[in-house]
Ligand SMILES: Nc1nc2c(c(=O)[nH]1)N=C([C@H](O)[C@H](O)COP(=O)(O)OP(=O)(O)OP(=O)(O)O)CN2
Ligand SMILES: [Zn+2]
């Protein structure tokens, strides 16, 4: 047995988490079509201002899977980059989330719902069972994490 075999040999392929991050900029307004103007103002406060406001969102996508013994990869991170560009950058970057993204026509653009939207978009593209977690930082203080439950 050679030295490199000693390092990598294991009875079964090892299971790891791998992650990639990407940032996008967008504006939004917290507003529910199912509430009155007064209720919207009471619940969402300054974030209900009709002029909207913007964020630089940071999204981290984590996959969980077995390392292919030949390639040494759970998934090629360059492929993950492509899936993230299609799922995050194309629909959301430099958008007015509430007006430009049909999903948010009747869904409030909270960081929770944006995180679920991104999960659903990624799920259409990433091979079954690999997507583990989507984390969206809306500000330095506010974030949401979704694992598909
Ligand atoms: N559960 C949620 N609550 C709030 C969300 C959200 O997405 N989910 N979003 C907002 C606002 O849109 C905004 O993004 C953050 O508001 P806030 O934390 O009040 O931001 P500040 O600029 O005041 O940040 P400071 O940390 O106070 O500087 C609100 N709530
Ligand atoms: Zn906001």
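In this note's numbering, the protein residues as written are 755 to 903. We treat Cβ as the ideally placed atom computed from N, Cα and C, and that holds for glycine.
- Separation of residue 763 and residue 827 (C-alpha to C-alpha, rounded to the nearest whole angstrom) is 15 Å.
- Annotated three-state conformation of residue 799 is helix, per DSSP.
- When secondary structure is reduced to three states using DSSP, residue 878 falls in the coil class, being assigned neither helix nor strand.
- Just so you know, the alpha carbons of residue 832 and residue 774 end up roughly 10 Å apart.
- Beta-carbon to beta-carbon, residue 876 and residue 818 are separated by about 13 Å, too far to satisfy the 8 Å threshold.
- Below 8 Å, too few C-beta pairs join the region 782-801 and the region 832-848 to call them touching: fewer than three.
- Residue 861 sits in coil when the DSSP states are folded into three classes, being neither helix nor strand.
- Per DSSP, the unbroken alpha helix (DSSP H) holding residue 832 starts and ends at 831-838.
- If you draw a 10 Å sphere on the C-beta of residue 845, you find 16 or more other C-beta atoms in it, and that means buried.
- With a cut-off of 8 Å on Cβ pairs, the region 803-810 is not in contact with the region 866-880, counting fewer than three such pairs.
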